[in-house]
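Student: In the UniProt record's numbering, the protein residues as written are 1 to 863.
The beta carbon of each residue, even a glycine, is placed where N, CA and C say it ideally should be.
On a predicted model such as this, the values are computed, not experimentally measured, just so you know.
For reference, the structure I am asking about is given below.
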Amino acid sequence: MNEPTQTRKPLKTATYIRPRTNKQLSTTTGLKRNRLLQSAVMVYLVASMQFSPGNSLIKVGIFRKSPKFILLYQTSSRINNKQTIRGVSKTIATEESFQEPPFVSANFSRIQRLGIRLTGQLQQQNVLEAYPTLQELMRIFDQIQIRDDERISISEYVDATIQAFARKSFSTGDSDGTLHDKNTQRRIVLGSKAIYLQLQSTALVPPYNAVPESTLLAALRAITQLSEAQINNGDENGEELRSLELSFRILQRLLTGVGVRRQTSSRSSALSEKDFNMVLNAFSNAGKMDMAHRIVALQERTPTAPQLSKVTYSILLKGYGRIGDVNHIDWLVRSAEKNGIVPDTILLNSLIDAYINCNALDKARVIFEQMEPDTTVQPSVFIAHPSPRANLRTYNIMMKGFAKIGDTDSALQLAAKMKQQRKWDSVTTNTLVHAAVAAKNLDMAEDILMERTFKINDKDYPQHPNVEAYTELLDAYGKDGQLDKAARLFECMKERSVQPNEFTYTCFIAALARHGKIDQAKRVLALMISSGLRPTSITCSAFISAIIASSEASEDPDILDSKVDEGCSILRILMKSGIRPNTATVATLVEAMGRCQPPRVSEALVLVDKLENDRIIPDASPKVTTAVIRACGSAGDIGAALDALRRLEKPDLVALNAFLAVSCKCNCESTALQVFDFHFRQKRSFYRIAPDVITFSTLISSLMKSRTSLPKATKLYFEMREQEKILPDKTLIDIILKAMLRHAPSGSLTKNEAVFITRVLQDAELLAWDTDQLGRRKRAVQNVFADLLRDNCIKGLDRTVSSVNEDDLFQRKGWNKVDSGFSLWGRGRSNAKSPAEAKRDTPVDTFLSKHGWNDVDSGFRIL
DNA sequence: TTAGGGTTAG
């Protein structure tokens, strides 16, 4: 902290002077609380909120001789004893400077008392304790009966209090900018709650019922950073999605102006491109591309918002790449071209990477080849411009692509070229090792590490840059049954001073456990802890699932029993040393208990109950509850499975599919159909989930067991195709064809059955089959049903449908055209009748309705 | 502000 900051914006009524003597100060003490003093307190409170957080109040007083308020404040770093008073700056506000001294009623005092307590708590950096005070203050304000004029001054006061609270909550403070500690996260959550207290208060009068733009901006930045941090941490409580949604809502408000208080002079130019991109990036990283799309829609349609840039496109490409949506990537390329985006290396790198993540290596290669330094290839995209040149990252991305398909030859060729061009770093080594491992060429991976392990100075790196490659190879040895080589590699790392990290230990422990070497695994775990590393919940998960997996090779049912016991004992040991299992781990154990002979369902229920009661895992988590459903199913206890299903407030698709599978397995098809009907038909809009191909496969395959329920199966199949617009997968096709062949060995077929089988074969054409796989199936069907099919339907069978219908595709992705943006994008600004109209800061709602846009789909609705 | 590499997973 430097000098006492002379406030960003001094109080209109305050002037600053130096204190003269201590004597003067002492005259201010010991005054009775009177109306003047209370006014002074209020002036102080308002003033202190405008000073930087480091300043704090020492004393509030009034000169006895001249009626002036005196406010003393100083930087917190200098507060320790009386003598520092001398260096204190002070603020004086004259009484006259108040046009009308605030009338102090009992109500106001009640609120003031809370305000003073809150300010004190904030000064002690205690946001967590200050929040309940703020809540109380708002509650009282909403309840009390007051005069209109008084309401205005209290509103002003309460607003200042909330802003002070929000400033403290959203300041990243003295920390290094990382948001990993729980307190910082909690603070930000409370800050956003405070904003909503203000927005929802009925007591505040305008403009104080709206939040200042600067506060919302601070909130946006803090909350978005928070959700990024949570995503990186892999928090599984879903909290990060809520804070992401919050980011979006705040962005909406800033754009539409709903609930926003702006400085009269300033236009809403406060949102920078960086702000948009920050939120966009958070959604892209989370794979929430529907939301990312909405942000872009907002940005495009708001006349004052910044233009879409190459950064925007880079972020979008990354996001669509992550969810493997090649259609949207192609479409983004066209959109960027249309918007006159001139690509740079980063944009093309993003594009190549996105294609690779969608398994479209050919498309990636086309871009890559036109970026190579000695290329003669004409640019295929962004044609008007010469392609930017490839850099080290371009090569590394491309190598990842070769690694992904196990093409070691191409990877090695590329490596040779990179070596020649002196473009090589530790990521290159790691990726090349990854290529070798993906091609199951572990010897080659070992050779690369031998030759290309980076020589480093320990102090420069928190960890060795090649520890990832070693970890991957060690894991591969472990999974390939070469435990001895894994162990040797672990030793070899020490020789080359590559320190194993959490990942390495986790893989090694899992490798040992998979081979039944539980005691050794425990020793490695101890070694891990003694080397200063903390096992994570993933270590726990890997350890226990490896133990359970080690039983799978065995035919002996008793083995699983003993492995479950071992798993439970490890769980106890880990929990004693403070490591919490996650829901995946518990689910693994619960399911394994269900598979035991006889099933150990009651034990599983006790385990879940205990962990939930001890608050180790959340109540009725989807993963664990689904495991319980499966375990109950193994025991044939459909009632218990139903009880478990009912624990889920809103069961998700996996849970429902599991339950349907369980009821079909227990021959309770009617229960299955009831549950299906309830969730996917009657309560569809409430549960907001749609069935998928697995849902239908489960039901159809079960119903097709007997010919009497075949009409129901047929009906479901057509519902899947016509209403849900879901394509079958190969498994479902085979299930149906096999069942039909089984039911009709003599070649008898009703008309409906003939229509059904013809439709199934037509649909089968839409899928990509390996050589003659489909031909064999068709011949099998024709051999049995030749005569019956030939007359009416078989003609259709030869018709080849080469590509999937676009509507089907949208449906499969769970989109309609509007949400996917195909019919919305690009119309925003161009629909404005004149440049003047586009520039004017029209409230977005009127702007939208004038153009007939649906505000829900466009992302403009304030949620 | 944006691009590359490793562990568990209903």
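By the three-class DSSP mapping on this structure, what secondary structure does Arg-377 have?
Tutor: The residue given as residue 377 occupies position 377 in the first sequence. Correcting the residue identity first, residue 377 is Val in this sequence and not Arg. It is coil, neither helix nor strand.
Student: Report all residues from its chain with a CB closer than 7 Å to the CB of Ile-544; omit the five preceding and five following residues, and keep chain order.
Tutor: As a working note, residue 544 is residue 544 in the first sequence. Excluding sequence neighbours, Ile-544 sits near Gly-567, Ile-570, Leu-571, Thr-585, Thr-588, Leu-589.
Student: Identify every residue that forms a DSSP beta bridge with Val-467.
Tutor: Here residue 467 corresponds to residue number 467 of the first sequence, with the count starting at 1. The partner list for Val-467 (beta bridge, DSSP) is empty, contrary to what the question assumes.
Student: Helix, strand or coil: which one does DSSP assign to Ile-346?
Tutor: One-based indexing of the first sequence puts residue 346 at position 346. Helix, per DSSP.
Student: Can you tell me the Cα-Cα spacing of His-293 and Gln-225, whole angstroms?
Tutor: Here residue 293 corresponds to residue number 293 of the first sequence, with the count starting at 1. Here residue 225 corresponds to residue number 225 of the first sequence, with the count starting at 1. Taking the straight line from one Cα to the other gives about 19 Å.
Student: Cα-Cα, which of Arg-681, Gly-775, Pro-691 is closest to Val-654?
Tutor: Taking the first residue of the first sequence as 1, we reach residue 654 at position 654. For the residues Arg-681, Gly-775, Pro-691, the minimum Cα distance to Val-654 belongs to Pro-691.
Student: Could you tell me if Ser-602 is buried or exposed, where buried requires 16 or more neighbouring beta carbons within 10 angstroms of its beta carbon?
Tutor: Mapped onto the first sequence, residue 602 falls at position 602. Label assigned to Ser-602: exposed.
Student: Would a C-beta distance cut-off of 7 Å place Thr-431 and Ala-403 closer than the cut-off?
Tutor: The residue you call residue 431 lines up with position 431 of the first sequence. The residue you call residue 403 lines up with position 403 of the first sequence. Yes, these two residues count as a Cβ contact at 7 Å.
Student: If I'm right that Phe-283 touches Gly-319 with Cβ under 8 Å, what's the distance once you round it to whole angstroms?
Tutor: In the first sequence, the residue the question calls residue 283 occupies position 283. In the first sequence, the residue the question calls residue 319 occupies position 319. The pair is a contact, with the Cβ atoms about 7 Å apart (cut-off 8 Å).
Student: How about Pro-598 and Ser-634: are their beta carbons less than 7 Å apart?
Tutor: What you label residue 598 is simply residue 598 of the first sequence in a count that begins at 1. What you label residue 634 is simply residue 634 of the first sequence in a count that begins at 1. No. Outside cutoff.
Student: Which partner residues of Arg-261 appear in the DSSP bridge assignment?
Tutor: As a first step, residue 261 is located in the first sequence; it is residue number 261 there, counting from the start. Partner(s): Pro-212.
Student: Considering Arg-688, what are the terminal residues of the alpha helix (DSSP H) in which it resides?
Tutor: By one-based count along the first sequence, residue 688 stands at place 688. First-last for Arg-688: undefined, no H or E at that position.
Student: Given this structure, state the Cα-to-Cα distance separating Lys-778 from Ala-661, to the nearest angstrom.
Tutor: By 1-based counting over the first sequence, the position of residue 778 is 778. By 1-based counting over the first sequence, the position of residue 661 is 661. Looking at the two C-alpha atoms, the distance is approximately 29 Å.
Student: State the CB to CB distance for the pair residue 864 and Leu-137, rounded to an integer number of angstroms; the pair is presumed to be in contact (CB under 8 Å).
Tutor: Outside the modelled stretch of the chain, which goes from 1 to 863, sits residue 864, for which no answer is possible.
Student: Keeping to the same chain, check which residues put their C-beta closer than 7 Å to that of Thr-506; ignore five residues upstream and five downstream.
Tutor: Here residue 506 refers to the residue found at position 506 when the first sequence is read from its first residue. If we look at Thr-506 and ignore the five residues flanking it on each side, its Cβ neighbours are Ile-538, Thr-539, Ala-542.
Student: Using C-beta distances below 7 Å, list every residue in its chain close to Met-418, excluding the 5 sequence neighbours before and after it, in chain order.
Tutor: Start at 1 with the first residue of the first sequence, and residue 418 comes out as number 418. Within the same chain, Cβ atoms closer than 7 Å to the Cβ of Met-418 are found at Tyr-395, Trp-424, Thr-428, the five residues on either side in sequence being excluded.
Student: Note down the Cα distance separating Val-437 from Met-444, rounded to an integer number of angstroms.
Tutor: Your numbering for residue 437 matches position 437 in the first sequence. Your numbering for residue 444 matches position 444 in the first sequence. Taking the straight line joining both Cα atoms gives about 8 Å.
Student: State the DSSP-derived secondary structure class of Ile-735, mapped to helix, strand or coil.
Tutor: Taking the first residue of the first sequence as position 1, residue 735 is located at position 735. Ile-735 falls in the helix class under three-state DSSP.
Student: According to the neighbour-count rule (16 or more other Cβ atoms, all chains shown, within 10 Å of its Cβ), is Thr-626 buried or exposed?
Tutor: Translated into the one-based positions of the first sequence, residue 626 becomes position 626. Thr-626 should be labelled buried.
Student: So what does DSSP say about Thr-453, is it helix, strand or coil?
Tutor: Your numbering for residue 453 matches position 453 in the first sequence. Reduced to three states, the DSSP call for Thr-453 is coil.
Student: Exposed or buried, Ser-380, counting other C-beta atoms within 10 Å across all chains shown (16 or more means buried)?
Tutor: Taking the first sequence and counting its residues from 1, the one referred to as residue 380 is at position 380. It is exposed - the Cβ of Ser-380 has fewer than 16 other Cβ atoms within 10 Å.
Student: Quick one: using the 10 Å Cβ neighbour count with 16 as the cut-off for buried, is Asn-277 buried or exposed?
Tutor: The residue given as residue 277 occupies position 277 in the first sequence. Asn-277 should be labelled buried.
Student: Below 6 Å CB to CB, which residues in the same chain sit around Lys-193 once its five sequence neighbours on both sides are set aside?
Tutor: Here residue 193 refers to the residue found at position 193 of the first sequence. There are no such residues.
Student: Looking at the unbroken alpha helix (DSSP H) that takes in Ala-390, where does it start and where does it end?
Tutor: The count along the first sequence starts at 1 and reaches residue 390 at position 390. Premise fails: Ala-390 is in no alpha helix (DSSP H) and is neither H nor E.
Student: Which same chain residues end up closer than 7 Å to Ala-513 when comparing Cβ atoms and leaving out the 5 residues on each side of it in sequence?
Tutor: Reading the first sequence from its first residue, position 513 is the one you call residue 513. Closer than 7 Å at the Cβ level, and outside the excluded window around Ala-513, lie Ala-521, Phe-543, Ala-546, Ile-547, Ser-550.
Student: Starting from the Cα of Gln-195, find the closest Cα among Leu-216, Ile-144, Ile-456 and give me that residue.
Tutor: The count along the first sequence starts at 1 and reaches residue 195 at position 195. Note that residue 195 is Ile in the sequence shown here, rather than Gln. It is Leu-216.
Student: Helix, strand or coil for residue 877? Go by DSSP, reduced to three states.
Tutor: Only positions 1 to 863 of the chain appear in the structure, and residue 877 is not among them; the question remains open.
Student: I'd like to know whether the C-beta atoms of Pro-618 and Ile-579 end up nearer to each other than 7 Å.
Tutor: For this step, residue 618 is matched to residue 618 along the first sequence. For this step, residue 579 is matched to residue 579 along the first sequence. For Pro-618 and Ile-579, no; Cβs fall outside 7 Å.
Student: Roughly how many whole angstroms lie between the Cα atoms of Gln-413 and Leu-527?
Tutor: If you number the first sequence from 1, residue 413 lands on position 413. If you number the first sequence from 1, residue 527 lands on position 527. Their Cα atoms are separated by approximately 40 Å.
Student: Checking 7 Å against the spacing of the C-beta atoms, do Met-720 and Ala-713 come in under that value?
Tutor: Mapped onto the first sequence, residue 720 falls at position 720. Mapped onto the first sequence, residue 713 falls at position 713. Not in contact: Met-720 and Ala-713 (Cβ atoms no closer than 7 Å).
Student: Output the residue ranges of the alpha helix (DSSP H) runs that lie fully inside the UniProt repeat "PPR" (309-343) and measure 4 residues or longer, sorted by chain position.
Tutor: 310-322, 326-338
Student: In whole angstroms, what separates the C-alpha of His-434 from that of Leu-473?
Tutor: The residue labelled residue 434 in the question sits at position 434 within the first sequence. The residue labelled residue 473 in the question sits at position 473 within the first sequence. Near 8 Å, if we compare the C-alpha coordinates of Leu-473 and His-434.
Student: Just to confirm, is the Cβ distance from Ser-155 to Val-189 under 7 Å?
Tutor: The sequence position of residue 155 within the first sequence is 155, counting from 1. The sequence position of residue 189 within the first sequence is 189, counting from 1. No, these two residues do not count as a Cβ contact at 7 Å.
Student: Can Thr-583 and Lys-610 be called in contact, C-beta distance under 7 Å?
Tutor: Here residue 583 corresponds to residue number 583 of the first sequence, with the count starting at 1. Here residue 610 corresponds to residue number 610 of the first sequence, with the count starting at 1. No. Outside cutoff.
Student: Measure the Cβ-Cβ separation of Ser-247 and Val-279 and say whether it is below 7 Å.
Tutor: Reading the first sequence from its first residue, position 247 is the one you call residue 247. Reading the first sequence from its first residue, position 279 is the one you call residue 279. Yes, the Cβ-Cβ distance between Ser-247 and Val-279 is below 7 Å.
Student: Considering only the beta carbon of each residue, do Asp-390 and Glu-372 sit closer than 7 Å?
Tutor: Residue numbering aside, residue 390 sits at position 390 when the first sequence is read from its first letter. Residue numbering aside, residue 372 sits at position 372 when the first sequence is read from its first letter. Note that residue 390 corresponds to Ala in the displayed sequence, not to Asp. Result yes, Cβ atoms of Ala-390 and Glu-372 sit closer than 7 Å.
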